[in-house]
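Enquirer: Would you mind keeping the following structure in view while I ask a few things?
Dropping the structure here:
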């Protein structure tokens, strides 16, 4: 009898499903590059993880407004200072039909520790995993960690059985070896879309997973993704209707999209803060002229403040960013946990005051310095550098601009080349969407353990910030934590450790035939795509 | 003939080695691959470890030696970007480039030669003048501009043709072809014309110039004096004698078409080897760059070899000369 009911239910469901293709909705989208891999543990990069998000799921997720929601975990709790307990969702199945259980979570934690994994940062958060039952799991952390769920959003869960069957129990490595290569081109997640086919760098096709647990807005049944390298081609493909969504769109093409039929630009503030930084480590500028023989003017806070006041951020916003940037006074964007509007202020743009500061510091005649700048990484990055250089010329500083492609730029200014820069432009979105990431990576003194200060290219250093950062990491009282974050940012602002410029705009182009939600971290989630 | 071949083969190996060494020397100026391979939160230790595993810290000649040893065995390593064997990627992308290049070459030859002959014979006709002005456009406008203009006209304004990509492809074993579907053929039209235009005008101008030269020679005048029909004089006597330099150029240009498909492929997002190369340059994917450059060198070397052998076929005098000097 039972089996008959089952058959009947199956038949009923089957007929319901057969009705679905009548409303088949195809969605085509293009980005400037491809997802690096389909392996969810292979590359910690925004677009790659954002794309994989349609196929795989983490324990927790963010919605279109970046608010935390449950995904594979229904609820979670800090059961003791160093233990987070996750109650897993029941009845979830992987695309191949396997059940999702706590064992899969434990397996995924093991997998991100393997050689090829780029998720070791996440692995480092977890000391020990304890499976309580099929749907309860405990993560033991090395130290109290109040923001652990935030940090787990991009940790996607793989199926243990599937990975073992396909010999992909280790993360896909770039260094070779075929181990793990299966997950590079194939996927088996729990997400709302299944990977139908993939030719890396050419085309990736996703189809709807009808058995997905969540009720999502999207009515898309098939999604086709193509990377399109050239801006002009990408814009043309959008206008001609060959794709429904394309990004990024050059800021200067917005007018074109507005005047074209059936498409429009979709813009908003990105959570990425663009800023300038100074060499504050060396005793003599590497690229200075005679005026700075044996001296490093950037060690003087007056010079750093003069630089900040010399830069006309409103002019950059208006002339270069077409009015779409959000001038910033803090190193974090409003969307980031820890942001306070009260601190987000800049000293007025004032050339006279800046000149006075330079004179006081003994550089009334200015000096010479080379500025490192990428030219294909951030929105109009090179133009911002050019504008800054000409603004600094007004206070007597001769800036020699060295703008180059990102691979060359990062190869020069990062740790592996001993931070070879005197003056630079950089952009940063904290991957956790929490202020701690910025305090640690950009603002703490270098030379500590782990990644502390790893992207503090100029070596700005105030040990007080390191101290506060360490406390922020483990403070579980949110109010106390917020107070410490604000204290650290205040020190940094007072000392002009860096010059925050603005949050750059997100720049997408969409067809009128579709609705999508634009996340401030520049991630496109197919869950939000509705074809009209 | 055999000693000639062996000599050419040895020269070819030398050329290939030189290309490889120059390419390799250039890679150190392309930038640092590591930052494109890891996320921003990857620690410095892990970055250093990855660099070590990839052997990027080894001295130049150690890296080069390793590359040559592997390349000789047909092994080009694993792409940093795609995380797959480079040989597999090239095999996957080659059909797209070869179909595009072949079609462009056929277009260039099939249209360029008749146009050249026509403009040489009817020097002052209005059609000749039209062809000549058209060729000026073809030879002076850069490829990417032509591509973008075509996209704008036929893709965006008229919407007749797709703006990017290869359309639907059909797999025939490992070969993927766009010739068997309507969308595949439509997708081929603009890239093929863009790629062919420069070569076509080049061939046309070359044929015209050579033909004019030959038409002035004594043996052509003699042919005319003998009362041979114009058709015979133009196509049998004159055209055949213009073909030696034309074949050289066409041969070399065939290599150029494959190599310079890079630009056309980038503009049209054509998923061939050239596009893959450009992406590799941007991401500093050294295994792909190295394999591609060596492969293009190989193509040029082979084409040159074939062209040399074709001289033998077309021009009997060469055979006599070589025999006489003991080669």
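Chains as they are written, first to last, in our numbering: chain A, 1 to 532; chain B, 1001 to 1327.
Built from N, CA and C at the ideal position, the CB exists for glycine as well.
As the structure is a computational prediction, the values presented were derived from the model and not from experiment.
Got a sec? Which residues, its chain only, sit under 7 Å from residue 304/A by beta carbon, not counting five neighbours each side?
Expert: Same-chain partners within the cutoff: 278, 298 and 496.
Enquirer: Taking all protein chains shown into account, do 16 or more other C-beta atoms lie within 10 angstroms of the C-beta of residue 1133/B, making it buried, or fewer, making it exposed?
Expert: exposed
Enquirer: Could you check whether the Cβ of residue 121/A sits closer than 8 Å to any Cβ belonging to chain B?
Expert: yes
Enquirer: Return yes when the Cβ of residue 333/A is within less than 8 Å of the Cβ of residue 473/A, no when it is not.
Expert: Taking 8 Å as the Cβ cut-off, residue 473/A and residue 333/A do not qualify as a contacting pair.
Enquirer: If you drop the 5 nearest sequence neighbours on each side, which residues of the same chain put their C-beta closer than 8 Å to that of residue 323/A?
Expert: 317
Enquirer: Residues of chain B with CB closer than 8 Å to the CB of residue 270/A, please, in chain order.
Expert: In chain order: nothing, as chain B lies at least about 15 Å away.
Enquirer: Answer yes or no: do residue 274/A and residue 501/A have a C-beta to C-beta separation smaller than 8 Å?
Expert: yes
Enquirer: Identify, in the order they occur along the chain, each residue of the same chain with its Cβ nearer than 6 Å to the Cβ of residue 1110/B, setting aside the five sequence neighbours on each side.
Expert: none
Enquirer: Classify residue 460/A as buried or exposed, calling it buried when 16 or more other Cβ atoms lie within 10 Å of its own Cβ.
Expert: Burial state of residue 460/A is buried, judged by a 10 Å Cβ sphere holding 16 or more other Cβ atoms.
Enquirer: Within 8 Å of any Cβ in chain B, is that where the Cβ of residue 414/A sits?
Expert: yes
Enquirer: Report the option in 1023/B, 1090/B and 1034/B whose CA atom is closest to the CA atom of residue 200/A.
Expert: 1090/B
Enquirer: By DSSP, does residue 279/A sit in helix, in strand, or in coil?
Expert: coil
Enquirer: Tell me which same chain residues have a C-beta within less than 7 Å of the C-beta of residue 330/A, skipping the five on either side of it?
Expert: 339, 343, 344, 489 and 500
Enquirer: Say whether the region 113-127 of chain A touches the region 1035-1053 of chain B, bearing in mind that this needs 3 or more beta-carbon pairs closer than 8 Å, one atom from each stretch.
Expert: With a cut-off of 8 Å, the region 1035-1053 of chain B and the region 113-127 of chain A count as touching, because enough Cβ pairs lie within range.
Enquirer: I need the straight-line Cα distance from residue 974/B to residue 1166/B, nearest angstrom please.
Expert: In the structure as shown, chain B starts at 1001 and stops at 1327, and residue 974/B therefore has no counterpart that could be examined.
Enquirer: Can you find at least 3 beta carbon pairs, one from the region 1236-1253 of chain B and one from the region 202-219 of chain A, that sit closer than 8 Å?
Expert: Flag = no, the region 1236-1253 of chain B and the region 202-219 of chain A do not touch.
Enquirer: If I'm right that residue 157/A touches residue 202/A with Cβ under 8 Å, what's the distance once you round it to whole angstroms?
Expert: Not quite, the Cβ-Cβ distance comes to about 28 Å (not below 8 Å), so this is no contact.
Enquirer: Between residue 21/A and chain B, is there a C-beta pair that is closer than 8 Å?
Expert: The predicted model places residue 21/A with a pLDDT of 45, which falls under 50 and marks its position as unreliable, so this point remains unresolved.
Enquirer: Run down chain B in chain order and give the residues with a C-beta less than 9 Å from the C-beta of residue 44/A.
Expert: 1038, 1039, 1040, 1041 and 1042
Enquirer: What distance in whole Å lies between the Cβ atoms of residue 1177/B and residue 1264/B, which are believed to be in contact at a cut-off of 8 Å?
Expert: Incorrect: roughly 18 Å between the Cβ atoms, too far for contact.
Enquirer: Looking at C-alpha atoms only, which residue of 352/A, 379/A, 220/A and 172/A is the closest neighbour of residue 23/A?
Expert: 220/A
Enquirer: If you follow the alpha helix (DSSP H) that residue 411/A is part of, which residue opens it and which one closes it?
Expert: 406-413
Enquirer: Counting only beta-carbon atoms, is residue 1122/B nearer than 8 Å to chain A?
Expert: no
Enquirer: Taking all protein chains shown into account, decide if residue 1239/B is buried (16 or more other Cβ within 10 angstroms of its Cβ) or exposed.
Expert: Its Cβ being crowded by 16 or more others within 10 Å, residue 1239/B is buried.
Enquirer: Classify residue 445/A as helix, strand or coil using the three-state DSSP reduction.
Expert: coil
Enquirer: To the nearest angstrom, report how far apart residue 192/A and residue 63/A are at their CA atoms.
Expert: 14 Å
Enquirer: So that I know if they touch, is there some Cβ in chain B lying closer than 8 Å to that of residue 411/A?
Expert: Judged by the 8 Å Cβ criterion, residue 411/A is in contact with chain B.
Enquirer: Which residues in the same chain as residue 458/A place their Cβ atom closer than 6 Å to its Cβ, once the five residues preceding and following it in sequence are excluded?
Expert: 277, 278, 279 and 280
Enquirer: Determine the contact status of residue 1286/B and residue 1203/B, defining contact as a CB-CB distance below 8 Å.
Expert: no
Enquirer: Does any residue of chain B have a CB that is nearer than 8 Å to the CB of residue 108/A?
Expert: no
Enquirer: Kindly confirm or deny that the region 425-438 of chain A and the region 391-398 of chain A touch, where touching means at least three C-beta pairs closer than 8 Å.
Expert: no
Enquirer: Please decide whether residue 1208/B counts as near chain E, where near means a Cβ-Cβ distance under 8 Å.
Expert: Protein chains A and B are contained in the structure displayed, whereas chain E is not.
Enquirer: Between residue 309/A and residue 354/A, how many whole angstroms is the CB-CB distance? I'm expecting something under 8 Å.
Expert: 4 Å
Enquirer: From residue 1011/B to residue 1221/B, what distance separates their C-alpha atoms?
Expert: For residue 1011/B and residue 1221/B, the distance between alpha carbons rounds to 42 Å.
Enquirer: Rounded to the nearest angstrom, what separates residue 166/A and residue 1009/B at their Cα positions?
Expert: 45 Å
Enquirer: For residue 296/A versus residue 284/A, is the C-beta spacing smaller than 8 Å?
Expert: In this structure, residue 296/A sits near residue 284/A, with a CB-CB distance shorter than 8 Å.
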